[in-house]
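Count along the sequence shown starting at 1, add 28, and that's the number in this note's numbering. Have a look at the structure below before the remarks.
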Amino acid sequence: MTIDVHIRPYQSHDVDAIYEAALESLEELSPWMPWCGADYSRQDAAKWVDERPAAWERGEAWSFVIVASGERLLGTCGINRIDLLNGVGELGYWVRSSATGRGVATQATQQLCRWAFAEQELHRVEILMSVENIGSQRVAENAGAVREGTLRQRLLLEGRRHDCALFAIVNDR
Numbered sequence: 029m030t031i032d033v034h035i036r037p038y039q040s041h042d043v044d045a046i047y048e049a050a051l052e053s054l055e056e057l058s059p060w061m062p063w064c065g066a067d068y069s070r071q072d073a074a075k076w077v078d079e080r081p082a083a084w085e086r087g088e089a090w091s092f093v094i095v096a097s098g099e100r101l102l103g104t105c106g107i108n109r110i111d112l113l114n115g116v117g118e119l120g121y122w123v124r125s126s127a128t129g130r131g132v133a134t135q136a137t138q139q140l141c142r143w144a145f146a147e148q149e150l151h152r153v154e155i156l157m158s159v160e161n162i163g164s165q166r167v168a169e170n171a172g173a174v175r176e177g178t179l180r181q182r183l184l185l186e187g188r189r190h191d192c193a194l195f196a197i198v199n200d201r
């Protein structure tokens with residue numbers, strides 16, 4: 029069953045919901061998200077939320093939460109490694125375990141790309157993930173991204189080098 033979602037910028041009151049969603053999802057996220065380990069704390073979530081406006085202002089990252097109707101937080105997404113000269117950014121996402129497999133990350137990715145193309149004039153959005161992260165690859169494909177190749181030993185996760193799948197969505201308008 030698909031869940032209708034929308035994305036919005038972080039708000040200070042999101043800290044507890046982000047912390048709760050991350051804790052719920054530790055087992056699924058920790059292999060792919062180095063920040064999400066057993067020692068992840070509410071203070072980590074608060075620091076992250078507090079830093080989002082400044083990162084936005086510096087042009088380092090455009091960060092959003094993914095919410096369902098009623099504002100239930102389902103995950104986060106954003107674009108970082110922003111290169112405005114070339115119109116390129118790297119998109120990332122995660123969804124809480126209880127909401128996976130329901131189109132949440134796919135919808136958020138599509139919404140974020142539309143926003144980046146229209147509001148920030150990006151031309152290309154790249155999505156990178158370990159070749160072992162099959163779920164994330166499905167999200168990229170379902171969102172309309174094209175797999176462009178494999179970057180050898182591109183990611184360091186849990187002390188081990190991973191080959192990385194490179195997907196991209198290009199604004200053809």
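Backbone N, C-alpha and C define an ideal beta-carbon position, used for all residues, glycine too. Keep in mind the model is a prediction, meaning the values are calculated, not measured.
So, using beta-carbon positions, are VAL116 and VAL153 closer together than 9 Å? Between VAL116 and VAL153, the C-beta spacing is below 9 Å.
With a 10 Å radius around its C-beta and 16 neighbouring C-beta atoms as the bar for buried, classify GLY106 as buried or exposed. Counting Cβ neighbours within 10 Å, GLY106 comes out buried, since at least 16 surround it.
Quick one: any contact between the stretch 136-148 and the stretch 176-187, if contact means 3 or more CB pairs under 8 Å? The way I'd put it, the stretch 136-148 doesn't touch the stretch 176-187; fewer than three beta-carbon pairs between them come closer than 8 Å.
List the whole-angstrom C-beta distance separating PRO146 from GLN165, where the pair is believed to meet the contact cut-off of C-beta under 8 Å. A small correction: the amino acid at residue 146 is Ala; Pro does not occupy that position in the sequence shown. Not really, about 26 Å apart at Cβ, beyond 8 Å.
Do you know offhand how far ALA96's Cα is from VAL167's? The alpha-carbon atoms of ALA96 and VAL167 are separated by roughly 18 Å.
Per-residue burial, THR104 [other beta carbons within 10 Å of its own, 16 or more giving buried]: Under this definition THR104 is a buried residue.
Whether or not the stretch 109-124 and the stretch 74-86 are in contact is what I'm after, with contact meaning three or more pairs of Cβ atoms, one per stretch, closer than 8 Å; do they touch? No: fewer than three Cβ pairs fall under 8 Å.
Distance CB(VAL42)-CB(GLN135) smaller than 9 Å: A quick correction: the sequence has Asp, not Val, at residue 42. Cβ distance not < 9 Å, so ASP42 and GLN135 don't count as in contact.
Can you tell me whether SER69 is buried or exposed, with buried defined as 16 or more other CB within 10 angstroms of its CB? Residue burial annotation: SER69 is exposed, with fewer than 16 other C-beta atoms found within 10 angstroms of its C-beta.
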